[in-house]
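Each residue of the sequence shown is one higher than the one before, counting from 1223 in our numbering.
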Amino acid sequence: MAIVELAALLAFIPASFVALYVWLLQSRKGSLPITTSEVSYNRSKYGNILNWDKYCLYIHGIPTLIISGEFHYWRLPDRSRWKSILKKYRAGGFNCIRIYFHWGYHSPDEGIYHFDGNRDINYLLDLCEELNLYVLAAPGPYICAETQAGGFPIWVIEKVQKLRHVLHSGFKSYDPTFSEYEKQWFENVLPIIARHQITSKSDGCVLAVQIENELLEKVLSIPFGLHDEMRFLCKSARDCEITVPLFTNDPFEAGSFIAKPEIDSKPSYHFFDRKTFGLDLYGFDKYFVFVPASEPIPWAFNVQKDPKKWKSWNPKDVMKALDGIESTVRGFGYEAAKSPIFIPELQGGWFTTYQTQHTFDDVYNYYGDSFTRIVFDSVLAQGCTMLSFYMAYGGTNWGTLGDIDGYTSYDYSACIREYGYISSRLRKLRLGILFAHSFSDLLVKTECVRNPNITTSIKNVFNSQRRSLVNSNNDQNNGVLFTFMRNFSEQKHPIFQVYVKYQEGQRRAQKYLMQCYLPYKSSFIAIGNYITTTGLKLIFSTLPIHLRIILPSIKNEENEDISVADTSCEIWIVPVNNIGEMAFQGEIIVDGNLGYSIRKVGHAIHILSFSGVVGFARIRNTESTKDLYILALHKESLGTLHAVFDDHHWIKTNNRKNFLNHSPLIVTWGTQNVHFDYSNMVIETEHGDQEHEISILSYRKPADHVRLHNHQTYPLSFIYKKQLTAGEKTSEVHLVPKLYDWKTRITNFKELGWRKVDIEKGGGGAIENNYVSGHVLYHAKFQSDYDASDVQLYINMRHRCTIFVNNQFVGGHTTFSRQFLFPGAKFGPELFKSLGDEKYDITQYLNSPESEEKNSMIIFVDNWGLGRQSVVFSDANNPRGIISANIKGLEPNTEIEWNICGVDVSKLENSYTSTGIPDENKESSWEDHNLGITMYGILPNDGIRWWKFKFHHPIDIKFKDILTAPLRLVIYGSFTSYIFLNEILIGRYYGNGDCAQHDFYLMDGILKFGEENQIKMMVYSWEIVDPEEIKLEIRGWEVDDVNKTGNLIRSKKGGNFEDEIDFELKSWIVRKEIIPMTFNQDSSSNNELL
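Structure representation (structure tokens):
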């Protein structure tokens, strides 16, 4: 009988698991009466404006490649910089940006929403339209983004328990109350976004709206995500007049919330017949190579913190993550098989966290210059035509915006560095983007070639091959081939052979050899089977072609030819390279000043190579009078190569004329940044000390007064040169201003507005009182009723505490962990809170037992930010401030009175702009101190001491419009400081090792020119800091402008301070110059052809 019962039990267990799984699966599908079809994009109404197929988006019927970069306006407190940064996106080749709209940034309290000043998103979207940038709008409500609570307002966290409907980590339960709060946000932000939709405004910029963020449908195959959550948000978006497509982003290719109209069309009658819900476009994020000390894992043991000992990233991680994207996504079926491969967040760097030894310069070095370009080429190899790099420009976690994973700098080692420097990573990525744009007519619709026509002499240098489904210049022969070369060879050889299989007409196919040069961990896209507009057929090129320009034949109203070239021609820009080759079919005629050689293979294959110098070559076949020009540029010039593309939507919007969307209007090289202003017909340039001239390629001849000159290296009718003069108007600028007018004061804890708190309830009272920016202060009063040998304080808190008893410093410590569930954990809840207790012996600081005066204990707790509630975790509600505090050794009945104070952020205009110290804006009690902090030092018994000083911007106001010279505040010393620039909280410094940042960007738009600037610092320390241990100064950014990393150049003598650096080093200074680009009046309008 026992055996039978055991067998029945064993049979019951798997049946129970199956029943539980079915219940989870069906319950997650939800029951709200909102269907996929009901909120889907109205193609019949708007399809002529915006549509898509499995290959790409169609904007006004034109296949369009979307290359985007993430932009966080809320990480730029000075909105005056928004435009200049976005111009750098355009200069980098991006035609789109993705924007996270931060709910908490706009809403300090329930019912209060601010959309003015540096929160004016209507102005931001106007800028995008002005700069011809498309927008992928991501209003959350949840955004993650390494910001406090993932972007949720503090007041929402205080009001609801099931944030993101998470009942507890790993399980969701739909909460209608929370949904209504989300709807409130949508009703405030989406109408602004709606006004800028491409479907509702002729010059609109918003292409699509993302709903939620990284919302998984299943976790480890277990049903998790709520379809009703998505239903409600999508219906709310449509109710707010969002008419563009809706999309979401899986954390990876997990098949979440894919639209299944075939199933949705059938009615649902009961629990076991519930339907799924999906969005218009399926998107997924890709993060896959992580900095060793900052991996996004819940447990991190034996982490290598020393960046000097990091091992290089493994190419196999890239191959594993990226090379199967297309088959995985298409394998999901339904709309995922019918819409473009779309990556809303594609890794463009990585963040850093507290208690690590590395800075973003170390992160940049870890990934190297070519990482982002490799990623870009690799996803194009998977047929991706919609992507957005996270981040393109990181910005700054000014105030207390950052969460536990985000200290002050959010540089992200992105393409554009925090202070505005265009790094080599962007310069290399831009070459890939320019290639993609200039061949976009062919690249937007491709299919994978199952049997490629090439092999290579070494492994792992050939990725894949795709065939264009669009004919090349009326060629009906098999389609253009894009071959994705990527050097991940174990031997790391930069030179190898490519064997190309090619069939000449009816002849037998043969293989021929070509040489290729491609350094380890770099990539390019080779083109083949391509017929030029001049009639040449390129069989294959192992010489990278970075840019294609097509100069058309142009006639004016009198039908007179006004072309700059003798006839229509095609131009390719290539690197100086004496190894790569180009194979053409048929006999070719070559001339020019670029040395070349030709070898014949087979019946009529001619392989062309060049001598490895700068210059040009002109190529034509014997049957054509049209020319193909090859322009060879050296590495430095390629790093400054810019091309102005005019998308069909913006041409239509601005009533401009253009001949080819995929051919640039103007090409330049020689200056690090270029923006073409259509409305004023000018080229805006930014150049450094070593950039003295700009080369301009244009198919319109500029007017004589523009004062351009013929080019000696490229003596062609469509290439011009101009000497740059802005730098000649300025002398060298010394970017180390004097700091003067030092003043100081001390926070008087007795004067602060204390209120009673029940510390034993747990939670510390911080969130309940909206004390969620910076510090929370506690005050305990008790009699010295003890007869034990010692009295001890046991305290647990998040994340840093500083303790005083009777005005004497006792100590301080940090509770922070990368381990899941442990005290101070940055991920998930703290299950083992009791392990966080730290013990302090306070006996020596107490009044004597005979004294009637009560002891006064002050504890202030600095919190690094609320958890961001990512993926499956419930951690935004983790306690702030004190979690528990017990004084042991006192008599059992000793009364302890606890009080709390801080800054209620719901009363602020911006919830993230306070130190948490209530007297932070106090104007009285300041005393003159001529010596300053570097001569006074820091004494722990001072408690919180405030310092402020003044300085003048080292750039004379008369040079403000022609010079950009970013500044930084340099700090060294074992102390803590919150930093204000002109009354704006811009940074947090932890000199005890909790944070590696010592250089704080002083935002250009907050600094004043021609008048006094002020730095104010809140300072305290856990140890005596002697004056000679403190370094504090304002400097320019002395960076690596040779390798173009933008990394700071540190002391070579092993010290920390910049006064040990060779002062021959110069700060990075950018000179601005505007070049008018009016043209000879030989057509009806200068703007007509642009």
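We put the beta carbon where it would ideally sit given N, CA and C, even for glycine. No experiment lies behind these values; they were computed from the predicted model shown.
Taking residue i as part of the alpha helix (DSSP H), name the residues at either end of that continuous run.
i: residue 1665; result: 1662-1665
i: residue 1351; result: 1343-1352
i: residue 1585; result: 1582-1589
i: residue 1325; result: 1325-1328
i: residue 1485; result: 1483-1486
Is residue i helix, strand or coil when you go by DSSP?
i: residue 1519; result: coil
i: residue 1981; result: helix
i: residue 2296; result: strand
i: residue 1550; result: helix
i: residue 1797; result: strand
i: residue 1494; result: helix
i: residue 2056; result: helix
i: residue 2130; result: coil
i: residue 2003; result: strand
i: residue 1791; result: strand
i: residue 1875; result: helix
i: residue 2151; result: coil
i: residue 1859; result: helix
So is residue i buried or exposed if we call it buried at 16+ other beta carbons inside 10 Å?
i: residue 1571; result: buried
i: residue 2054; result: exposed
i: residue 1819; result: exposed
i: residue 2010; result: exposed
i: residue 1419; result: buried
i: residue 1528; result: exposed
i: residue 1677; result: exposed
i: residue 1613; result: buried
i: residue 1979; result: buried
i: residue 1926; result: exposed
i: residue 2080; result: buried
i: residue 1813; result: exposed
i: residue 1217; result: Since the displayed the chain opens at 1223 and closes at 2312, residue 1217 lies outside it and no answer follows.
i: residue 1839; result: buried
i: residue 1361; result: buried
i: residue 1600; result: buried
i: residue 1805; result: buried
Kindly indicate the opening and closing residues of the beta strand (DSSP E) around residue i.
i: residue 2041; result: Taken as a continuous stretch (DSSP letters only), residue 2041 belongs to no beta strand (DSSP E), as it is neither H nor E.
i: residue 2078; result: 2077-2084
i: residue 1690; result: 1684-1690
i: residue 1322; result: 1318-1322
i: residue 1866; result: 1864-1866
i: residue 1469; result: 1468-1472
i: residue 2120; result: 2118-2123
i: residue 1598; result: That residue, residue 1598, is in no beta strand (DSSP E); its alpha helix (DSSP H) goes 1593-1602.
Can you determine whether any heavy atom of the ligand ZN sits closer than 6 Å to the C-beta of residue i, and answer yes or no?
i: residue 1328; result: The ligand ZN is absent from the structure shown, which contains no ligand whatsoever.
Would you please verify whether the beta carbon of residue i is less than 7 Å from any beta carbon of chain D?
i: residue 1588; result: No chain D appears in this structure, which consists of one protein chain only.
Cβ contact check for the segment 1287-1302 and the segment 2093-2109: 3 or more pairs under 8 Å: no
Should the segment 1282-1297 be regarded as contacting the segment 1838-1855, the criterion being three or more beta carbon pairs within less than 8 Å? no
Which parts of the segment 1370-1431 are runs of the beta strand (DSSP E), unbroken and 3 residues or longer, counting only runs that do not cross its ends? If you keep only unbroken beta strand (DSSP E) runs of at least 3 residues inside the segment 1370-1431, you get 1388-1390.
Taking three-plus beta-carbon pairs below 8 Å as touching, is the segment 1357-1371 in contact with the segment 2087-2094? yes
Residue ranges of each alpha helix (DSSP H) run of no fewer than 4 residues wholly in the segment 2170-2223, ordered along the chain? none
For the 8 Å Cβ check, are there 3 or more pairs between the segment 1417-1431 and the segment 1452-1469? yes
I want to know whether the segment 1681-1693 touches the segment 1701-1712 - three or more CB-CB distances under 8 Å. Verdict: yes, contact present.
Would you say the segment 1862-1877 touches the segment 1809-1819, given that touching needs at least three Cβ pairs under 8 Å? Result no; under three Cβ-Cβ pairs closer than 8 Å.
At a cut of 8 Å, does the segment 2172-2189 reach the segment 2201-2220 through at least three beta carbon pairs? With a cut-off of 8 Å, the segment 2201-2220 and the segment 2172-2189 do not count as touching, because too few Cβ pairs lie within range.
Three or more C-beta pairs below 8 Å linking the segment 1507-1517 and the segment 1561-1578: yes
Does the pairing of the segment 1593-1610 with the segment 2179-2196 give three or more beta-carbon distances under 8 Å? No contact exists between the segment 1593-1610 and the segment 2179-2196.
Continuous beta strand (DSSP E) assignments of at least 3 residues falling wholly in the segment 1717-1765: Fully enclosed beta strand (DSSP E) runs of 3 or longer: 1717-1724, 1732-1739, 1745-1753 and 1759-1763.
Taking three-plus beta-carbon pairs below 8 Å as touching, is the segment 1929-1949 in contact with the segment 2111-2121? no
Stretch pair the segment 1959-1975 + the segment 1335-1347: three plus CB contacts closer than 8 Å: With contact defined as three or more Cβ pairs closer than 8 Å, the segment 1959-1975 and the segment 1335-1347 are not in contact.
Beta strand (DSSP E) segments (min. 3 residues) lying fully within the segment 1228-1306: 1272-1274, 1279-1281, 1284-1286 and 1288-1293
Three CB pairs or more closer than 8 Å across the segment 1259-1277 and the segment 1307-1317: no
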